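A.B. asks: In the numbering used here, the protein residues as written are 18 to 913.
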Ligand code: ADP
Ligand code: MG
């Protein structure tokens, strides 16, 4: 006979094993599990979410919680583990982070209702929500300062575009659709970097055939029907019941992507409508294309180690609100490609950078702005609480204040003026109502009440008074009973078992059971030295208190519901306000950055110039300065399609120089000031940045193969408007292969593409290209030699490096002197050989001859003297004398 853990009572109490046939609860569990394939089931039992079978094994390992076994199913032990409901959020976060998907199954009726249907019936349960990486709405589960995208990729063989990508941030309601060609797919997936990507099988196969690597988030393969473009029209229409969205406004393939996305979101919330914003369309051409390799090599949103710290984003993020940071990240991920909109953004930044006092005031006021969009989404989903209403009130109040501040700005640039206008429309009456109703610092959940201000609702105040003024009422009753019974030590007390009761010393107890009190005092308990009674009046009072509490909760619930409805009625307006607040935060933050870091406004136009004066690397500048060194600024001029070949020793600053130019271009086109004295940039359509030789072992491709695939991508896709940065490509292969390919690539970019570009190379042979290609120029990182050591000046100067200083660098790195000496010897032979002296290599190179014996440590009088010195014990005069002595000793050493 099987026994299951489901025979347990529906409470959190330790569960007893009851011997019973397979319980109906087990049937319910298996049914729900079967209905939600691919999900772990959090099965609610009392105060716990329990997991069973394989789910339990996975969860216990992943969460480090105890796995137990209880009962049997088909003769096997049933593994089980559980997490308390109040702590479920943390566990969910961990499971989602590990790539699991969780179905939350709640009791949808209470135990009493179930019992009414018969003593054996199970409490009804249902899956109320599917929690996946792309559908999160809770602040605890989400990164505050980053967007969290769910995306759906559709493909059609016969449409205006082959592909369409729809993506949404469920936590903010943002929804976008974008038609795509196959060629642009990888770049856009890298930009949006979805936490979860929905695809039909066919698309996955297609991506495989294209050898396109999928983004790092979760991939969910969906049935083809989910992407049906006909069904999609209906799905879209249902999601926007007010008719504001016309499905026929999109192409078939866009509709398919939107339909799949909206359908999946709806399914995940199990019938609760997600308040998505009307889908906005994007045009590919409006954005600078930046492929995945470039994003990663330039460390735009995160470093190659995967941290935000050290990325360009963290360097430039001076936003004071989470929504501002999210918008900044979106702008940085997608710089613009049209001078008009870029300059509009720059106008706003410039104005605030000029008016530092006003900008500081604005930023001060923005600090008080809570995360309005996410609060709205939670309220719409029925997952909101009093704090979310409070957030709405505070955001609207701040919007009013900010709009007044902006109104003081004469001749405001268009973008700031528009923000001011929007902020002025913030629903002040609603905010005032919310402010009157909700406490300053309310609890997270509305369930337990206690968040409506005193004085807001008279009925509520009356009920609360009754509940809270119990003390006075009880004291009055006690005084009256004392005087009536003449028992001076009579007390009214309260405990969890009896509730309110009258207590008198044992000696007086009998009196209360006799006339004239017979019937008034009902005996409840006899203790060693006291007797306890209740009275009808006391019972009535107790009932009233309990009812008052319940009534108060009910009234608060109704007030909450009314205020939520009123707030949601203003959703469109509030969202516009939230966007305006985020936009203002971004402009003010960038202005602050510009003013404090000495950034300059770039000149953006339709030319082909790229003229940077005094450019700096925003991130390296900060690190170098933190170490107490100055950062050396450098000019770049690639106007008209120039290609600069950068040579110079390792550690000379080549990579830094290359990247700073790409970062300046990206910052400029996202609408930010740039770390330079001045910059003139003709719109750049794509940035390519490649760094040679880092083995992509994870993907099982050799360095050379990786480099060639990437070089091919650049040669095939760069245009005359592109900026190409190649940092020592060809490094990953035998000298002549690498050199010849790098050579041919530069020729092709110069002759066919005509792009602007910077190439760092260690192939000195390549500097000869400057003679034959008219727009190729050689520059080198200046170095000074000083007493046999190299000093890097980090200055870009015309010309080519005559040598690589590799041995000097090796010495700086601490290679043993014997190895360095031997290296110098080998280098000498190699150099004489390559300069036409073609003596046979092996003979020249005493490779197999005895290496020079390691030098015995020299006896050096200077070192000996220094060893003796105790600086702490020297007077200034002795120190000076010591210096004379040291010099004398050295001179003696030189002469000998
Ligand atoms: P390379 O690519 O030539 O080997 P890097 O660009 O990696 O050299 O630079 C090496 C280090 O030199 C950097 O980490 C930084 O500390 C320093 N550096 C580079 N450029 C500059 C500069 N312009 N000013 C000051 N320090 C610099
Ligand atoms: Mg380098």
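Glycine included, every Cβ here is placed at the ideal spot set by N, Cα and C.
Keep in mind it's a predicted model, so treat the numbers as computed, not measured.
What I want to know is whether the C-beta of residue 327 ends up closer than 6 Å to one or more non-hydrogen atoms of the ligand ADP.
C.D. replies: Result no, Cβ not under 6 Å from the ligand ADP.
A.B. asks: If you drop the 5 nearest sequence neighbours on each side, which residues of the same chain put their C-beta closer than 6 Å to that of residue 607?
C.D. replies: Cβ within range, chain order: 366, 689.
A.B. asks: Quick one, which of 882, 569, 622 has its alpha-carbon nearest residue 482's?
C.D. replies: Answer by Cα proximity: 569.
A.B. asks: Should residue 217 be labelled buried (16 or more other beta-carbon atoms within 10 Å of its own) or exposed?
C.D. replies: Its Cβ being crowded by 16 or more others within 10 Å, residue 217 is buried.
A.B. asks: List the DSSP bridge partners of residue 620.
C.D. replies: DSSP output for residue 620 lists 697 as bridge partner(s).
A.B. asks: What are the partner residues of residue 143, as DSSP defines its beta bridges?
C.D. replies: Partner(s): 123.
A.B. asks: Return the CA-CA distance between residue 93 and residue 70, expressed in angstroms with no decimal places.
C.D. replies: The straight-line gap from Cα to Cα measures roughly 10 Å.
A.B. asks: What residues are listed by DSSP as bridge partners for residue 16?
C.D. replies: The requested residue 16 is not part of the displayed model; the chain covers only 18 to 913.
A.B. asks: On the three-state DSSP scale, how would you describe residue 907?
C.D. replies: Looking at residue 907 - three-state DSSP - the assignment turns out to be helix.
A.B. asks: Go ahead and pull the three-state DSSP assignment for residue 768.
C.D. replies: In this structure, residue 768 counts as helix in the three-state DSSP scheme.
A.B. asks: Using DSSP's beta-bridge definition, name the partner residues of residue 522.
C.D. replies: Bridge partners of residue 522: 547.
A.B. asks: Shortest alpha-carbon distance to residue 661 belongs to which of 382, 743, 110?
C.D. replies: The shortest C-alpha separation from residue 661 is found at 743.
A.B. asks: Might you give, ordered along the chain, the residues of its own chain that have their beta carbon closer than 7 Å to the beta carbon of residue 498, omitting 5 neighbours on each side?
C.D. replies: So the qualifying residues of the chain are 507, 519.
A.B. asks: Indicate whether the contact test is met: 3 or more Cβ pairs, each with one atom in the stretch 690–698 and one in the stretch 658–676, closer than 8 Å.
C.D. replies: Judged by Cβ distances under 8 Å, the stretch 690–698 makes no contact with the stretch 658–676, as fewer than three pairs qualify.
A.B. asks: Does DSSP put residue 458 in a helix, a strand or coil?
C.D. replies: In the structure shown, residue 458 sits in coil (DSSP, three-state: anything other than H, G, I, E or B).
A.B. asks: Residues bridged to residue 511 by DSSP?
C.D. replies: Looking at the DSSP assignment, residue 511 forms a beta bridge with 517.
A.B. asks: Is it right to say residue 540 is buried, meaning 16 or more other beta carbons lie within 10 angstroms of its own, or is it exposed?
C.D. replies: Exposed is the call here.
A.B. asks: Measuring CB to CB, does residue 254 end up less than 7 Å from residue 190?
C.D. replies: Cβ distance not < 7 Å, so residue 254 and residue 190 don't count as in contact.
A.B. asks: Sort 181, 808, 224, 580 by Cα distance to residue 828 and report the nearest one.
C.D. replies: It is 808.
A.B. asks: Is the beta carbon of residue 152 sitting closer than 7 Å to the one on residue 119?
C.D. replies: No.
A.B. asks: At a threshold of 6 Å, does residue 641 count as lining the ligand ADP (C-beta to nearest heavy atom)?
C.D. replies: The answer is yes for residue 641.
A.B. asks: Please determine whether the Cβ atom of residue 671 lies at a distance below 6 Å from any heavy atom of the ligand MG.
C.D. replies: Indeed, a heavy atom of the ligand MG lies less than 6 Å from the Cβ.
A.B. asks: So what does DSSP say about residue 282, is it helix, strand or coil?
C.D. replies: Three-state result, residue 282: helix.
A.B. asks: For residue 898, collect the residues of the same chain with a Cβ closer than 8 Å to its Cβ; drop the 5 residues on either side in sequence, then sort them by chain order.
C.D. replies: Hits under 8 Å: none found.
A.B. asks: Do residue 385 and residue 405 come within 7 Å of each other at the CB atom, strictly closer than that value?
C.D. replies: No, Cβ-Cβ distance for residue 405 and residue 385 is not below 7 Å.
A.B. asks: Closest to residue 686 by C-alpha separation, out of 381, 651, 349, would be which residue?
C.D. replies: Checked all of 381, 651, 349; the closest Cα to residue 686 is 349.
A.B. asks: Does residue 753 pass the burial test, meaning 16 or more other C-beta atoms within 10 Å, or should it be called exposed?
C.D. replies: Under this definition residue 753 is an exposed residue.
A.B. asks: Can you give me the C-alpha to C-alpha distance between residue 562 and residue 584, rounded to a whole angstrom?
C.D. replies: In a straight line, the C-alpha of residue 562 is about 33 Å away from that of residue 584.
A.B. asks: Taking residue 49 as the reference, give the member of 74, 879, 122, 117 with the closest Cα.
C.D. replies: Of the candidates 74, 879, 122, 117, the one whose C-alpha sits nearest the C-alpha of residue 49 is 122.
A.B. asks: Quick check: the Cα distance between residue 756 and residue 775, rounded to an integer number of angstroms?
C.D. replies: Taking the straight line joining both Cα atoms gives about 16 Å.
A.B. asks: Quick one: grab the DSSP three-state call for residue 856.
C.D. replies: With a pLDDT of 42 at residue 856, under the threshold of 50, the predicted position of this residue should be treated as unreliable, and no value is reported.
A.B. asks: Hey, quick one: how far does the alpha helix (DSSP H) through residue 600 stretch, first residue to last?
C.D. replies: Element bounds for residue 600: 588–614.
A.B. asks: Taking buried to mean at least 16 other C-beta atoms within 10 Å of its own C-beta, is residue 905 buried or exposed?
C.D. replies: The residue in question, residue 905, is exposed, as its Cβ has fewer than 16 Cβ neighbours within 10 Å.
A.B. asks: How big is the Cα-Cα spacing for residue 1 and residue 287?
C.D. replies: No answer is possible for residue 1: the residues shown for the chain start at 18 and end at 913.
A.B. asks: What is the DSSP secondary structure of residue 474, reduced to helix, strand or coil?
C.D. replies: Coil at residue 474, not helix or strand.
A.B. asks: Nearest-angstrom Cα distance between residue 370 and residue 639?
C.D. replies: If I take the Cα positions, the gap works out to 20 Å.
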